[in-house]
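Visitor: Take a look at this one; I'll ask things after.
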Amino acid sequence: MKTNTSFLILLIILIQSFLCLKVFSQPLLPQHSISVTATQAIHFGTICLSSLNGTGGTVTVDYQGNRSSTGDVMLISSTPTSQPAIFDIKLCQGRNVIITYSPTITLTGSNGGSMIMNLGPTEYGPTGTSFPVNVDCDFITQMRMGGTLNVGNYGSNPEGTYTGSFSITFNQE
Numbered sequence: 001m002k003t004n005t006s007f008l009i010l011l012i013i014l015i016q017s018f019l020c021l022k023v024f025s026q027p028l029l030p031q032h033s034i035s036v037t038a039t040q041a042i043h044f045g046t047i048c049l050s051s052l053n054g055t056g057g058t059v060t061v062d063y064q065g066n067r068s069s070t071g072d073v074m075l076i077s078s079t080p081t082s083q084p085a086i087f088d089i090k091l092c093q094g095r096n097v098i099i100t101y102s103p104t105i106t107l108t109g110s111n112g113g114s115m116i117m118n119l120g121p122t123e124y125g126p127t128g129t130s131f132p133v134n135v136d137c138d139f140i141t142q143m144r145m146g147g148t149l150n151v152g153n154y155g156s157n158p159e160g161t162y163t164g165s166f167s168i169t170f171n172q173e
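Structure follows, in structure tokens:
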């Protein structure tokens, strides 16, 4: 009888210990998907060469929208004005984003000709840079990007509108 009583007491203790266990688990994590929207295209504003015999130069728009030039390139103060590219990034939990992009693209002129545009840097750095986004899932982190336009002489770059497109990859860490 003593064995049965000991067994019964042991069984009751085991059952009580299972009933007293606390279960812990991680809270559900918010979304893992990244959302990026291009909200503003880069624009170098209106420019011209200082003379028909000019050799060209560069126009740079930094990520803050400041514009400068070198060589025979003159900056004209008229609309459209210069502006950096702006991207809205939405990613939860303060994860990091790595940006990658090709450093150069070719722009094609409406009246012939082409120009090379060097992309970047962004406000966070050049291609390959990692940066954190805001912790709040409803907050948008903006990324601004500048670039440099290589302008040739009038023969290779006649007046007109030069357009092109580029891709940026946003990977979350």
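Numbering of the sequence shown is given in the numbering used here, commencing with residue 1 and proceeding in unit increments.
By construction, the Cβ of each residue, glycine as well, lies at the ideal position given by its N, Cα and C atoms.
1. Relative to the C-alpha of asparagine 153, which candidate in Phe44, Thr37, Ala41, Leu49 has its C-alpha closest?
2. Evaluate proline 84 with the Cβ neighbour count: other Cβ atoms within 10 Å of its Cβ, from every protein chain shown; 16 or more gives buried, anything less gives exposed.
3. Assign valine 135 to buried or exposed, taking buried as 16 or more other Cβ atoms, counted over all protein chains shown, within 10 Å of its Cβ.
4. Taking DSSP's pairing of strands, which residues face threonine 108 in a bridge?
5. For glycine 45 versus threonine 81, is the C-beta distance shorter than 8 Å?
6. As a quick exercise: from Phe139, Thr108, Ser33, pick the residue whose alpha carbon is nearest that of serine 156.
7. In angstroms, rounded to a whole number, what distance separates the CA positions of valine 97 and phenylalanine 139?
8. Can the beta-carbon of glutamine 172 be found less than 8 Å from the beta-carbon of isoleucine 34?
9. Quick one, are the C-beta atoms of tyrosine 63 and threonine 127 less than 8 Å apart?
10. Starting from proline 132 and walking both ways along the beta strand (DSSP E), at which residues does that stretch end?
11. On the DSSP bridge list, what partners appear for aspartate 88?
12. Let me know if leucine 52 comes out buried or exposed under the rule of 16 or more other beta-carbons within 10 Å of its beta-carbon.
13. Per the DSSP calculation, glycine 147 is bridged to which residue(s)?
14. Within a Cβ cutoff of 7 Å, which residues of the same chain sit near glycine 57, ignoring the five residues on either side of it in sequence?
15. Check whether the Cβ atoms of threonine 104 and methionine 117 lie closer than 8 Å to each other.
16. Taking 8 Å as the threshold (C-beta atoms), are glycine 120 and glycine 146 in contact?
Guide: Reading it off the structure:
1. Leu49
2. buried
3. exposed
4. Ser114, Thr163
5. yes
6. Thr108
7. 15 Å
8. yes
9. no
10. 130-132
11. Thr37, Gln142
12. exposed
13. Val61, Leu119
14. Ser69, Thr70, Gly71, Asp72, Val73, Val151
15. yes
16. yes
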